[in-house]
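K.L.:
Going letter by letter, the sequence shown gives residues -18 to -1, 1 to 424 in mature numbering (1 follows the signal peptide of the UniProt record, and there is no 0).
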Amino acid sequence: MKLRYLVWIAWVSLWLVTACKPTDGNIAPESPTTPPVEPIPFPKGQPIGNQTSFTITPAGGEFVSPDKQIKVKIPAGAVSKSTTITMQPVQNTDPAGLGKSVRLLPHTIEFKKPITIQLSYASLLDSIPSINALSAAYQDEQGIWRFAQSRAINERARTVTVATTHFSDWSIATAVRLLPFETTLSENEEQRFRLVQYVRINSYDDFGYELDDDALTPLVPATVKVIYEGQPLDPKYVKADSWELNSTDRGNELGHIDSAPNSSEGIYKAPLRISHPYQVGVSVAFNSSSKGKILFVATVNLVPGNAVIYRIGEGSWQAIQNVTVRKVNGLFKIQGTSSTTGVGIVLTWQGDKGNYSWNVENNNGISLIDPSPYLLYSSAYHDTKGNVVNSGGELIIDQLGNPSQLVKGRFTVKPSGLTTLKGEEIGPGIEGFFSLTRGPDM
C-alpha cells in the first residue's frame, strides 16, 4: 500500500507541477400512491462489523455496543436462566432506515418481560428530515420491516427508545422524508423536492411523539406499521403555502420555490448569480391538527458552475475553473489548474453515483498542490511508524451524467496529508464542491 501511495502522489505531483444543462421545471407532479396491501419483504443485511457477546442472568442487566450506538436494558425476570446474547452491525435494507442496522441475537428468544432498546441518532443529525417522524424499526423473519409507533425520543441525549419482547435486526427509521435530502446546484438550475411516505399515514396526528428527556415513562411493546418502498405523500397532509427557503449566510440570494398544485412537491430554482458556495434550507410543513408546526427540511448546496470550489481548514473559499472530468480506463478523474493562483487538483474515484471513503488501494483519492510555496495536500498520510493511513471524510457523487452532461459532488478530507519542502506532516481538513460538465471517455 505504501508503494502504491508513493506512486500515486508522485504521479499527481508531476501532473500538477507540469500542468502549471438545467432540468425541465415543468415537471408533472406524481400522483399520490397508496402503499400496496401486501407487505414486501426485503433482503437481510450483510454483516459489516464484528459480533459482541454478553451474558444476561435472571437478575437482568444492560449492555452497550462498542460504538455506543445501541443500549439494551433487560429487567429482572425477563429470562429464566443465563443467556448469551450478541449484537452485530449489518447493512441497512430498510427503505425508511437511517444509518446502519444492528442484529440482536438470538432471534428465537421470547422475553418474559418487555425489554427496552435505545438507539442513538447523534451521528445521523445531518440525515434526519424531522424528529417528529423518527422511530425505530425491526425486520421480522419474513424480511418485512416494521415501524414502531410507540417510542420515546430524548432530544437532549438524541436517542429513540422502544420496548419489545424479542430480538431482531433493528434500525432507526423515518416515516416520511423530504427528497432529495441534500443536493448541489449551480446558477439557474432546478430541483424537484417531494415528500415521500414509507408507512400508511392514517391521521393528521401520526407524527406525535413522546418526549422523555429523563427516561422515566414506562414503555410498552410498540404497535407497528408495515414499511413499504417510498410513495408520494397524500397532498392533504401537506400544509398549504408552507414551502419556505432560508439561509444562515445572509446577503445571498435564496432562489425561489413553487409548490405544484394538489401535490406534495415543490420546484426549487437556484439564483442567477452564485459567487461562492453557500447553503439554502428548503422546508415544508406537515398539516397536523394538534401537534403544532411539524417541518421537514432539506439542504441545497449552491456552488458556482463549471468549477471546483474548496477551502483548506477554516480559510476562505477558492475556485479552480479550468477543470475537466472524464472517465479514463474505467477511472473517473477530475483535474485542472487555476489560471490565477496556479493551484492544481486531481481527484479520482472508481464507481458511479454514491459515497466513497478515501482509499489509496482503490484509487479513491484527492490531491491539491500550491506550487508557490510548495504545499501538497492529499487524502492519505504516513503515521509515526511510516504506515500509510487513509484520511477520514468522504467523496459524495450526487449526480453522474453521461458525456456532455453534469457531474456534481462534494468532498471532505479529515485530516489531510501535507507534504512541504521540509517533509511530511498531518495537515488541516479540506472541504469542497464541484459542478462540472463531463468530457468524452478515454
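In this text, a Cβ means the ideal position worked out from N, Cα and C, and glycines have one as well.
1) Can we say the stretch 170 to 181 touches the stretch 212 to 221, given the rule of at least three CB pairs closer than 8 Å?
2) By the DSSP assignment, the beta strand (DSSP E) with H89 in it spans what residues?
3) In the DSSP output, what is R138 paired with across the bridge?
4) Taking C-alpha atoms, which residue in S320, D151, L277 lies nearest to L227?
5) Using 8 Å for Cβ pairs, my map puts N170 next to A301. What's the rounded Cβ distance?
6) Helix, strand or coil: how does DSSP classify S105 here?
7) How long is the line joining the alpha carbons of A118 and Y210, rounded to whole angstroms?
8) Between the Cα of S64 and the Cα atoms of A78, G43, A155, N283, which residue gives the shortest distance?
9) Considering only DSSP beta bridges, list what W152 is partnered with.
10) Counting pairs of beta carbons, one from the stretch 89 to 98 and one from the stretch 126 to 133, are three or more of them closer than 8 Å?
11) Find out if the Cβ-Cβ distance for the pair I38, I67 is shorter than 8 Å.
12) So V264 and I239 are supposed to be a Cβ contact under 8 Å. How far apart are they, rounded?
13) Starting from Y359, follow its DSSP beta bridges and name the residues at the other end.
14) Which residues in the same chain have their Cβ closer than 6 Å to the Cβ of Q303, if we skip the five residues on either side of it in sequence?
15) With burial defined as no fewer than 16 other Cβ atoms inside 10 Å of the residue's Cβ, what is the status of N422: buried or exposed?
16) Would you please verify whether the beta carbon of A145 is less than 8 Å from any beta carbon of chain C?
17) Give a yes or no on whether the C-beta atoms belonging to I327 and G333 are separated by under 8 Å.
18) Contact defined as beta carbons within less than 8 Å: I believe I154 pairs with L80. What is the distance between those atoms, to the nearest angstrom?
19) In chain order, what residues of the same chain lie with their CB nearer than 8 Å to the CB of K26, ignoring the 5 residues before and after it?
20) Thinking G383 and I291 are a contact (beta carbons under 8 Å), I'd like their distance in whole angstroms, please.
21) Pull up the CB-CB distance for residue 437 and G287, whole angstroms please, since I reckon it's below 8 Å.
22) Taking the CB atoms as reference points, tell me whether S373 and P397 lie closer together than 8 Å.
23) Less than 8 Å between the CB atoms is what I'm expecting for D380 and K390, so what's the real figure, rounded?
24) To the nearest angstrom, how far is it from the Cα of T230 to the Cα of V158?
25) Under 6 Å Cβ to Cβ from V248, same chain only, skipping five residues before and after it: list those, please.
26) What residues in its chain sit with their C-beta under 6 Å from that of T143, if we drop five residues either side in the sequence?
27) I need the boundaries of the beta strand (DSSP E) containing A130, first residue and last residue.
28) Anyone know if the C-beta pair for R420 and R308 falls short of 8 Å?
29) According to DSSP, is residue 425 part of a helix, a strand, or is it coil?
30) Mind checking whether Y250 and E172 have CB atoms under 8 Å apart?
31) Rounded to the nearest angstrom, what separates T141 and S105 at their Cα positions?
32) Out of V46, Q70, A41, P48, state which residue places its alpha-carbon closest to the alpha-carbon of P57.
33) In whole angstroms, what is the alpha-carbon distance linking E164 and L236?
34) By how many angstroms is the C-alpha of T166 removed from the C-alpha of S417?
35) What is the DSSP secondary structure of Y210, reduced to helix, strand or coil?
36) Quick one: what does DSSP say Y180 is sitting in, helix, strand or coil?
P.N.:
This is what the structure gives:
1) Counting Cβ pairs under 8 Å, three or more are found: they touch.
2) Annotation for H89: no beta strand (DSSP E) segment contains it, and DSSP assigns it neither H nor E.
3) DSSP, once it has assigned bridges, lists no residue as partnering R138.
4) When C-alpha distances from L227 are compared across S320, D151, L277, the shortest belongs to L277.
5) Contact flag wrong, Cβ pair sits at about 18 Å.
6) S105 falls in the helix class under three-state DSSP.
7) Rounded to whole angstroms, A118 to Y210 spans 15 Å at the Cα level.
8) If we check each option's Cα against that of S64, G43 comes out closest.
9) In the DSSP assignment, the residues bridged to W152 are V84, Y120.
10) No, the stretch 89 to 98 does not touch the stretch 126 to 133.
11) In contact: I38 and I67 (Cβ atoms closer than 8 Å).
12) With 8 Å as the limit, V264 and I239 qualify as a contact, their Cβ atoms being about 7 Å apart.
13) Answer is L350, L400, bridged to Y359.
14) Its chain contains A289 as the residues whose beta carbon lies nearer than 6 Å to that of Q303, once the 5 sequence neighbours on both sides are disregarded; these appear in chain order.
15) With the sequence shown as reference, residue 422 is identified as Pro, and Asn is not the correct amino acid for it. Per the 10 Å Cβ criterion, exposed.
16) Of the protein chains in the structure, only one exists, and it is not chain C.
17) Taking 8 Å as the cut-off, the beta carbon of I327 is found no closer than this to the beta carbon of G333.
18) Yes, they are in contact, since the Cβ atoms of I154 and L80 sit about 5 Å apart, within 8 Å.
19) Take K26, set aside five residues on each side of it, and the residues of its chain with a beta-carbon closer than 8 Å to its own are V72, T75, Q121, G125, D151, in chain order.
20) Actually they do not touch by this definition, with Cβ atoms about 19 Å apart.
21) With the chain running from -18 to 424 in the structure shown, residue 437 is simply not present.
22) Result yes, Cβ atoms of S373 and P397 sit closer than 8 Å.
23) Contact flag correct, Cβ pair sits at about 5 Å.
24) Rounded to whole angstroms, T230 to V158 spans 25 Å at the Cα level.
25) Per the sequence presented here, residue 248 reads as Gly, with Val not at that position. If we look at G248 and ignore the five residues flanking it on each side, its Cβ neighbours are F175, W225, I239, S241.
26) T98, Q100, A134.
27) According to the DSSP assignment, A130 belongs to the beta strand (DSSP E) that extends over 127 to 130.
28) Yes, Cβ-Cβ distance for R420 and R308 is below 8 Å.
29) Missing from the structure shown is residue 425; the chain here goes from -18 to 424 and no further.
30) Between Y250 and E172, the CB-CB gap stays under 8 Å.
31) Roughly 11 Å between the two C-alpha positions.
32) Taking only the C-alpha atoms, the option nearest P57 is A41.
33) In a straight line, the C-alpha of E164 is about 16 Å away from that of L236.
34) Looking at the two C-alpha atoms, the distance is approximately 8 Å.
35) Y210: coil per DSSP, three-state reduction.
36) Three-state DSSP puts Y180 in coil, outside helix and strand.
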